[in-house]
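Residue numbering for the sequence shown follows my numbering, starting at 10 and increasing by one per position.
Ideal Cβ placement from N, Cα and C applies to all residues, glycine included.
Heads up, the thing below is written out as structure tokens.
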Amino acid sequence: MASLSPEKREHLYKILVIGELGTGKTSFIKRYVHQFFSQNYRATIGVDFALKVLNWDNNTIIRLQLWDIAGQERFGNMTRVYYKEAVGAFIVFDVTRSATFDAVDKWKQDLDSKVQLPNGSPIPCILLANKCDQQKQGIAASPDKMNEYVKEHGFAGWFETSAKENVHIEEAARALVNKILLNDKLISTNDLGDPDKFGLEATIIARSPY
């Protein structure tokens with residue numbers, strides 16, 4: 010009699026995508042989840058979320074719930090509700106507008122004050138220098154300064170991204186998922202060298218209940 014295959018394990022992880030208005034948060038999510046880009050997104054009102062499903066290995070499915078939080082919601086009372094139970098985050102700034110980078114530190118402080126891992130440490134957060142296909146302003150033009158900044162401010166890393174040109178979208182997401190899985194003790198540091206563990210299985214888009 011043939012033995013039954015082991016039951017698949019599923020893990021759902023809530024990931025926040027935050028930053029100033031117009032930095033490309035929605036475009037980043039649409040590119041990552043749907044491989045789609047448009048110049049004509051309306052401003053996000055409140056919160057949207059999208060679901061990306063990854064085949065981690067033969068027995069494990071990972072569902073990433075990406076919460077797209079409107080720029081105008083920043084530091085409001087509702088953000089504590091939005092942030093609840095998140096296990097990872099992206100903070101996005103626009104490399105063509107230095108003011109959006111100037112706000113990054115406030116976003117990071119707000120995030121760290123409102124959500125923590127069960128052990129009390131900050132959730133892993135990756136900084137996205139978005140619209141890198143365009144002319145960079147300020148610190149975004151200096152990788153060395155960016156490296157120094159993310160280290161000093163407790164980021165898990167940073168990536169130059171372009172939702173329009175599909176630059177480093179998958180890599181940034183994979184880096185954050187790896188941090189989450191390490192925290193969840195589902196992988197060891199030895200697993201990080203195996204890029205074939207990620208595969209797209211399905212995508213779903215949904216509206217937030219809030």
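- In the DSSP assignment, D153 falls within the unbroken alpha helix (DSSP H) covering 152-161.
- Around the beta carbon of G129, fewer than 16 other beta carbons sit within 10 angstroms, so the residue counts as exposed.
- In this structure, DSSP gives T32 a state outside helix and strand, which the three-state scheme calls coil.
- The three-state secondary structure of S47, taken from DSSP, is coil.
- Residue state for L191 is assigned as helix, using DSSP reduced to three classes.
- Per DSSP, the unbroken alpha helix (DSSP H) holding A108 starts and ends at 107-111.
- For V56, the enclosing beta strand (DSSP E) starts and ends at 56-66.
- The C-beta separation of T35 from N139 comes to about 11 angstroms, leaving the pair out of contact by the 8 angstroms criterion.
- Within the region 91-137, complete beta strand (DSSP E) segments of at least 3 residues are found at 97-103, given in chain order.
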